[in-house]
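Below is one structure, written out as structure tokens; the observations come after it.
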Amino acid sequence: MKLLTESEQQQVAAAIQRIERDTDAELVTVLAAQADDYAYIPLLWAGLIALLLPGSVNIVGGWLNAGNLLLVQWATFISCGLLFRVPAITTRLIPRSVRYWRASNLARRQFIELNLHNTEAESGMLIFVSEAERYVEILVDRGISSRLDDSTWQAIVETFTNQVKRGETLQGFLTCIETCGVLLKEHLPATHERNELPNRLVILS
1 MKLLTESEQQ QVAAAIQRIE RDTDAELVTV LAAQADDYAY IPLLWAGLIA LLLPGSVNIV
61 GGWLNAGNLL LVQWATFISC GLLFRVPAIT TRLIPRSVRY WRASNLARRQ FIELNLHNTE
121 AESGMLIFVS EAERYVEILV DRGISSRLDD STWQAIVETF TNQVKRGETL QGFLTCIETC
181 GVLLKEHLPA THERNELPNR LVILS
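Given below as structure tokens:
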């Protein structure tokens, strides 16, 4: 799955480079295809349907003996298991709370793995997007959160989330980076030149 082309990724990197000239913040962007493979979800739903549906129908109709009922249950389980593995269907079977929880966990892991918690001025900032979950989150280290309240990012995240839902992921990144840059320039202006973390867009496919 090609999330963004090389040219589009370069546009994101250039946008990061522009705003980092005016702020001490170290901005990193991450784009994930999905936060989890949810391999257990198709099997869980297929098992429930295979267990409940044929039996319920048979109680009403009484047209299957025990042996045939078991065969129908197995056939239902296999058919549903295969059908529910289609990504577009799998996503719709997962409760939103579960999808967001998995995406949020991945965002926090990326914050640590990319050393955003270990910058000189504690000024790391992560803009994280998971496309399958239509999930956007902004995470910041203490150097930023001490000057800008977490609620500052809420409207920016909501706007970006709507853009991801419309398939405008690139424009979402560019708009988000520019908007964050204005705030960071005001509240965390550059004191000296630094570039501790890579400006490229990190792709998790």
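Residue numbers (full-length UniProt numbering): 1 to 205. Using N, Cα and C, we set each Cβ at its ideal position, and we do this for glycine too. These figures come from a predicted structure and were not determined experimentally.
Using DSSP bridges, identify the partner residues of Ser130.
-> Ala32 and Tyr135, per the DSSP bridge assignment.
Have a look at Val12, Gly181 and Glu131 and flag the residue whose alpha-carbon is nearest the alpha-carbon of Asn162.
-> Ranking Val12, Gly181 and Glu131 by Cα distance to Asn162 puts Glu131 first.
By Cβ distance below 6 Å, which residues in the same chain neighbour Leu126 in space, the five residues on each side in sequence not counted?
-> Within the same chain, Leu126 has close Cβ partners Val28, Phe111, Leu116 and Leu139.
Please go through the same chain and pick out, in chain order, the residues whose beta-carbon is closer than 7 Å to the beta-carbon of Leu43, but skip the five residues on each side of it.
-> Only Gly81 meet the Cβ criterion.
Output the distance between the C-alpha atoms of Thr5 and Leu170, rounded to the nearest integer angstrom.
-> The C-alpha of Leu170 is placed about 10 Å away from the C-alpha of Thr5.
Residue range of the alpha helix (DSSP H) that includes Leu188 | Premise fails: Leu188 is in no alpha helix (DSSP H) and is neither H nor E.
Same chain, Cβ closer than 6 Å to Leu184, neighbours up to 5 away in sequence not counted = Annotation for Leu184: Thr23 and Ala25 place their beta carbon closer than 6 Å to its own, counting only its chain and skipping 5 residues before and after.
Put Gly167 into one of helix, strand or coil per three-state DSSP.
-> Coil at Gly167, not helix or strand.
Cβ neighbours of Ala13 in the same chain (closer than 7 Å, five flanking residues each side left out) | Scanning its chain for C-beta atoms nearer than 7 Å, with the 5 sequence neighbours on each side dropped, one finds around Ala13 the residues Asn199, Arg200 and Leu201, in chain order.
Nearest CA to the CA of Arg108: which residue from Ile89, Thr76 and Asp141?
-> Comparing Cα positions, the closest option is Asp141.
Cα separation between Ala33 and Gly67?
-> Roughly 43 Å separates the two Cα atoms.
Could you have a look at Val86 and say whether DSSP puts it in helix, strand or coil?
-> Judged by DSSP in its simplified three-state form, Val86 adopts coil rather than helix or strand.
Between the CA atoms of Gln17 and Glu178 - distance to the nearest angstrom = Roughly 11 Å separates the two Cα atoms.
Which one of Ser205, Pro95, Gly167 and Asp150 has the shortest CA to CA distance from Cys180?
-> Asp150 is the residue among Ser205, Pro95, Gly167 and Asp150 whose C-alpha sits nearest the C-alpha of Cys180.
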